[in-house]
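Student:
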Amino acid sequence: MLFKEFVQLLEEVSKTRSRLRIVALLSDFFKKLTPEEARYVAYLLKGEVAPPYKGIDLNVADRTLLHVFAKLTGINVKEIEALYKKLGDIGDLAYEMVKKRKTQPLFTQEYEIKEIYEMLLKLATLTGPGSQQYKENLLLSLFLNLSPEEARYLARIIVGKTRVYIGVATILEAIANASGYSKEEVERAYYLISDIGKVAEDALKGQLEAKVRLFYPISPALAERAKNVSDLHAKIPQPALEYKYDGFRVQIHKSKEGKVKIYSRRLEDITQFLPDVVRYAQEIEGEYIMEGESISYDPNTQKFLPFQFTIRRKRKYDVQKYEKEFPLHVYIFDVLYKDGEEILYKPFKERREVLENLVKGTSFFPSHLTYSDSVEKTQEFFQEAVSKGLEGIIGKKPEQPYTPGQRNHNWIKLKKDAVDTIDGLVVGYFYGQGKLKDLPGSLLVALYNEKEDKFQTIAKVSSGLSEEEYKLLKELLKPAPAPPTNLEYHLEPDVWVVPEVVVELTYDDITISSMHTCDIGGQNVALRFPRVLRIRDDKSPEEVTTCSEVKELYEIAKK
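In my numbering, the protein residues as written are 1 to 559.
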């Protein structure tokens with residue numbers, strides 16, 4: 001399959017907001033691919049060259065491309081910068097630059113998708129002395145032979161500003177349609193290995209397996225929320241109850257030989273930041289996959305530290321310093337795999353027995369657990385958790401299996417501020433005033449509509465952060481030339497951004513709105529007086545609060 005045909009697909013997708021149309025376009029395209037090509041296309045549709053846990057990112061700066069375009073055209077870099085500022089889109093700039101090449105080839109080379117993918121992979125993995133120059137030369141050779149249309153989309157992919165954002169659920173449905181497997185079979189396989197490229201290739205080969213594999217992170221099970229203890233008991237009459245720790249989630253994989261990998265809830269490899277957790281993991285014999293929550297603990301005061309201290313343990317630098325300053329307690333709450341057996345399909349109560357035997361006598365702690373048969377007992381456990389400075393509690397159905405990648409009523413979270421916080425995706429910002437005129441003054445925040453596989457706006461947030469935090473946000477938010485293709489909106493911000501930063505919001509109420517698009521079933525809602533509590537860099541866009549969750553909160557509040 002030629003790369004230009006992939007570009008034509010992206011062009012078609014960018015012109016429609018209909019999910020059904022996008023699924024149809026992708027399905028037809030996957031049907032034309034070899035299994036190997038399907039792997040490459042699945043990655044490229046997500047703007048990746050590998051799954052997140054491989055840690056292979058393109059990370060090509062806009063400025064690198066500007067230098068490549070200067071060599072390509074003979075135009076001064078400053079002139080190119082000025083044109084880029086005017087156009088606002090690296091893809092549109094690439095389109096213009098290719099048309100102004102110093103030497104126009106008689107025939108543009110028709111690249112296969114495989115060739116483009118392999119060049120991108122090489123770009124992402126080049127390191128060491130001379131690698132920057134090699135990257136520029138490689139890019140130059142590409143842009144010398146691409147058509148303007150191909151250059152437009154390739155440039156966007158290279159710098160991570162694709163403009164065509166397609167949700168995982170939509171891609172998986174297209175893979176199912178093209179392969180003959182059911183949507184549920186494809187989703188189950190994906191949630192067990194979190195590698196959309198491998199799932200696409202295996203499905204088109206007719207060799208799809210829903211199988212747990214060591215060192216392939218399992219998509220985390222997610223919890224619904226409860227307003228209060230009575231609400232939790234209405235959903236789970238006799239729950240298993242655990243503390244909800246305000247730390248960061250870890251999924252620990254260990255082989256018989258002692259190799260350890262630790263993955264975040266965003267499915268990223270964070271092993272290098274947690275040498276102490278690696279040591280704890282090696283205390284346990286055999287191979288296993290288990291999940292826990294890491295939280296910083298002050299041995300002097302014997303108290304847990306706030307989240308902002310714990311999150312410092314995920315920094316790339318000064319790992320040993322932060323290990324000493326913020327020692328971690330790791331509370332294990334689930335076991336998914338042990339010595340060749342897939343434990344995740346067992347009921348929670350049985351998984352818990354395996355867990356307690358596994359961590360006994362090690363540096364890990366089993367999560368604090370009790371079983372409740374009354375509202376009064378659950379209320380007492382909840383107050384106990386809050387008095388220890390914890391976030392709240394999690395209620396679990398004792399008889400249910402672990403459900404990777406799904407948010408359902410098997411797990412219910414009850415936080416001390418349950419009604420007052422949601423997690424939203426920043427999709428744009430409005431400039432501030434006065435000394436904040438060059439900073440994000442207000443954020444346009446969206447939630448996930450899982451039925452439509454789209455993001456829909458719910459708030460314009462202008463308070464809650466300090467000036468320093470707004471400066472940090474300015475660094476984190478990458479400007480985009482246009483809104484994501486999977487966003488529904490009415491408000492148009494001053495600056496659209498690449499949708500990847502998640503913020504936690506508090507608010508006073510949920511109200512009916514004509515300005516926002518969060519659909520709770522025939523009517524749209526917005527947050528009244530929203531404030532930003534913190535940036536949630538441990539959460540991915542797919543983990544933000546859903547519109548159906550907001551519907552539940554809205555209905556509870558109106559009772």
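Where is the CB? At the ideal position from N, CA and C, for every residue including glycine.
(1) Counting Cβ pairs closer than 8 Å, one from the segment 422-433 and one from the segment 254-263, do we hit at least three?
(2) Which class does D202 belong to by DSSP, given the choice of helix, strand or coil?
(3) Could you check the C-alpha separation between L562 and L93 for me, to the nearest Å?
(4) Reducing DSSP to helix, strand and coil, say where L10 ends up.
(5) Contact between the segment 263-273 and the segment 215-222: three or more CB pairs below 8 Å?
(6) How far does the beta strand (DSSP E) with Q456 in it reach, from first residue to last?
(7) Below 8 Å, can you find three or more Cβ-Cβ pairs linking the segment 398-409 to the segment 375-387?
(8) Would you call D509 buried or exposed, if buried means 16 or more other Cβ atoms sit within 10 Å of its Cβ?
(9) Going by beta carbon distance, what residues of the same chain come within less than 6 Å of L45, once the five residues before and after it are set aside?
(10) Answer with buried or exposed for G521, where buried requires no fewer than 16 other C-beta atoms within 10 angstroms of its C-beta.
(11) Give the single residue among Y43, A42, M97 and F529 whose Cα lies nearest to the Cα of L66.
(12) Kindly indicate the opening and closing residues of the beta strand (DSSP E) around K396.
(13) Pick helix, strand or coil for T511, following the three-state DSSP scheme.
(14) Between T310 and F326, how many whole angstroms is the CB-CB distance? I'm expecting something under 8 Å.
(15) If we call anything under 8 Å between Cβ atoms a contact, is I284 one with T370?
(16) DSSP three-state label for S442, please.
(17) What first and last residue would you give for the beta strand (DSSP E) that runs through E224?
(18) In terms of residue numbering, what span does the alpha helix (DSSP H) encompassing Y43 cover?
(19) Using a Cβ-Cβ cut-off of 6 Å (strictly less than) and excluding sequence neighbours within five positions of E391, which residues of its own chain qualify?
(20) Which of the three DSSP states is assigned to V250 in this structure?
(21) Counting Cβ pairs, one atom from each stretch, are 3 or more of them under 8 Å apart for the segment 181-193 and the segment 32-48?
(22) Can you tell which of L472, S463 and S514 has its C-alpha closest to the C-alpha of L456?
(23) Out of curiosity, what's the CA-to-CA distance linking L126 and E543?
(24) Residue range of the alpha helix (DSSP H) that A124 falls in?
(25) Exposed or buried, what is V77 when buried is set at 16 or more other beta-carbons lying within 10 Å of its beta-carbon?
(26) Put T546 into one of helix, strand or coil per three-state DSSP.
(27) Just verifying my parser: in three-state terms, what is the DSSP assignment at L142?
(28) Answer yes or no: do G405 and A459 have a C-beta to C-beta separation smaller than 8 Å?
(29) First and last residue of the beta strand (DSSP E) that includes T378?
(30) Would you report the Cα separation of L305 and K321, rounded to the nearest angstrom?
(31) Assuming the contact rule is C-beta atoms closer than 8 Å, F382 and I394 should be a hit. Round their C-beta distance to whole Å, please.
(32) Can you tell me whether F529 is buried or exposed, with buried defined as 16 or more other CB within 10 angstroms of its CB?
(33) Per DSSP, what kind of secondary structure is Y297 in: helix, strand or coil?
(34) Going by DSSP, what residues sit across from P479 in a beta bridge?
(35) Would you kindly work out how many angstroms separate the C-alpha atoms of D538 and L473, rounded to a whole number?
(36) Do you know whose CA, among L33, N59, K324 and F273, lies nearest G197's CA?
Tutor: By the coordinates alone:
(1) no
(2) helix
(3) As displayed, the chain neither begins before 1 nor continues past 559, which places residue 562 out of reach and without an answer.
(4) helix
(5) yes
(6) K454 to V461
(7) no
(8) exposed
(9) I166 and I171
(10) exposed
(11) M97
(12) G392 to K396
(13) strand
(14) 7 Å
(15) no
(16) strand
(17) L222 to R225
(18) P35 to L45
(19) K244, D246 and K415
(20) strand
(21) no
(22) It should be noted that the sequence gives Gln, not Leu, for residue 456. Per the Cα distances, S514.
(23) 31 Å
(24) I113 to T125
(25) exposed
(26) strand
(27) helix
(28) no
(29) Not the beta strand (DSSP E): T378 falls in the alpha helix (DSSP H), residues V375 to S387.
(30) 17 Å
(31) At roughly 11 Å, the Cβ-Cβ gap does not stay under 8 Å, so F382 and I394 are not in contact.
(32) exposed
(33) strand
(34) V497
(35) 15 Å
(36) L33
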